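Please read the structure below before turning to the comments.
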Amino acid sequence: MIQLDRVFKYYRSDGHTKIVLDHVSATFQSGRSYGLLGVNGAGKSTTMRLLAGTESPNSGRIRRSVRVSWPLGFSGGFHPQMTGRENVKFVARAYGENVGRVLEFVEDFAELGDYIDVSVKAYSSGMTSRLAFGLSMAIDFECYLIDEITAVGDARFQAKCREAFARRRETSDIIIASHAMETIKTYCDHGAVLVDGQILMFDSVESAIEVYNRLNR
């Protein structure tokens, strides 16, 4: 379960204040998969980073009773001066995982070859995404966060990613932020709509999509 308790999140830029979450209290229950919807600029990506703990609220609290992933494919946590191998080892240690096992999995899955020992700053966006996705799959989480599902690599590698993700879904919850309604319908059974700094929770994904479509006209 992930519980938001009066969470307030805003940004200030050029004299303007953008409120993402305005003292929001909401609960993402365990055993359910949620689609997080919102028009462009509503703050979906920020909300996902808050749920993951990679970003902090200005006030309020976020409680997690489950092990939550970083947003799948999110590579902002990689240190660009470190090699892929060094980044993988660092993350494995941070999560208390067996470093050798995680590294072996990522090397096999990401298929970077000798580039695993090259600084991440030299990676293409595709290589970085493959490293990030492989690392996400190497660690067991009870809840996976996904900020838009993007195609990684060629058709063969994409099929490999789908197969790995399907195995994780058998035992884990997911929260997906996406504009692709078919993706939301496929993976989610509950919905949440981000609008005007609030999160509206729905027991059916269809109801959430209906509200989102009205907002997006």
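So for the sequence shown, the numbering used here puts the first residue at 1250; every next one is plus one. We treat Cβ as the ideally placed atom computed from N, Cα and C, and that holds for glycine. The model shown is predicted, which means the values in this text are computed figures rather than measured ones.
Y1393, DSSP secondary structure in three states: Here residue 1393 refers to the residue found at position 144 when the sequence shown is read from its first residue. Strand at Y1393.
Could you please give the first and the last residue of the uninterrupted beta strand (DSSP E) stretch that includes L1449? On the sequence shown, position 200 is the one that residue 1449 refers to. Unbroken beta strand (DSSP E) run through L1449: Q1447 to F1451.
Which residues in the same chain as V1314 place their Cβ atom closer than 7 Å to its Cβ, once the five residues preceding and following it in sequence are excluded? Reading the sequence shown from its first residue, position 65 is the one you call residue 1314. Residue identity check: residue 1314 is Ser in the sequence provided, not Val. Answer for S1314: M1250, listed in chain order.
Just to confirm my understanding: we take K1434, look at its own chain, exclude 5 residues before and 5 after, and list those with CB closer than 7 Å. What are they? Within the sequence shown, residue 1434 is the residue found at index 185, counting from 1. Contacts found: V1454.
Taking only the alpha-carbon atoms, compute the straight-line gap between T1420 and E1353 and give it to the nearest angstrom. Position 171 of the sequence shown holds residue 1420. Position 104 of the sequence shown holds residue 1353. If you take the alpha carbons of T1420 and E1353, they lie about 22 Å apart.
Beta-ladder partner(s) of A1275, from DSSP: To locate residue 1275, count along the sequence shown from 1; it is residue 26. Note: A1275 sits in a beta bridge opposite L1253.
If I measure Cβ to Cβ from Y1283 and keep anything under 7 Å in the same chain, skipping five residues before and after, which residues do I get? Counting from 1 along the sequence shown, the entry for residue 1283 is found at position 34. The answer, listed in chain order, is F1277, I1424, C1437, H1439, G1440 and A1441.
Where I1448 and R1417 are concerned, what is the direct C-alpha to C-alpha distance, given to the nearest angstrom? As a working note, residue 1448 is residue 199 in the sequence shown. As a working note, residue 1417 is residue 168 in the sequence shown. Rounded to the nearest angstrom, the two C-alpha atoms are 27 Å apart.
Alpha-carbon to alpha-carbon, D1254 and V1273: In the sequence shown, counting from the first residue as 1, residue 1273 sits at position 24. In the sequence shown, counting from the first residue as 1, residue 1254 sits at position 5. Cα to Cα, the separation comes out at about 7 Å.
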